[in-house]
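With full-length UniProt numbering applied, the sequence shown covers 1 to 78. Just so you know, even glycine gets a beta-carbon here, dropped at the ideal spot from N, CA and C. In this text, all values refer to a predicted model and were calculated from it rather than measured experimentally. The block underneath contains the structure these notes are about, expressed in structure tokens.
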Amino acid sequence: MTDRPHLIARVRAEFARSEQEKSCHFFPLPEENSLLPSRLRAYCGFAIVPGQAETLDGPAGMPCVHCLLVAALTDSDK
Ligand SMILES: [Zn+2]
């Protein structure tokens, strides 16, 4: 979809309580930063704790529509 580094992740099932947490979200990766922040903030504003998240190779299950839209708009800027 893009050259821009995205991280696609969702809250692991044992931690997911809401529909939003069960959705997979798109996270912008820092361009030049090897340190993983303590919290990742998705395009939609949803914050995820890396230890409670699983990263996905691609969208799986129910994607977060807001994240999809923002990611698509961000891609078109490049
Ligand atoms: Zn989202």
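Open item on the list: Is Ala42 close to ligand 1? I mean its beta-carbon at under 7 Å from any heavy atom of the ligand.
Closed with: The beta carbon of Ala42 sits closer than 7 Å to at least one heavy atom of ligand 1.
Task: Cβ shell of Ala60 (< 7 Å), same chain only, five flanking positions each side left out - done: Cys24
TODO: Specify, as a first and last residue, the run of the alpha helix (DSSP H) that Glu19 falls within.
DONE: Glu19 to Lys22
Open item on the list: At 4 residues or longer, what runs of the alpha helix (DSSP H) sit wholly inside the stretch 25-66?
Closed with: none
Open item on the list: For Arg17 and Leu56, which I take to be in contact (beta-carbon distance under 8 Å), what is that distance rounded to the nearest angstrom?
Closed with: About 19 Å separates the Cβ atoms of Arg17 and Leu56, ruling out a contact at the 8 Å cut-off.
- [ ] Determine the burial state of Leu73: buried for a count of at least 16 other Cβ atoms within 10 Å of its Cβ, exposed for fewer.
- [x] exposed
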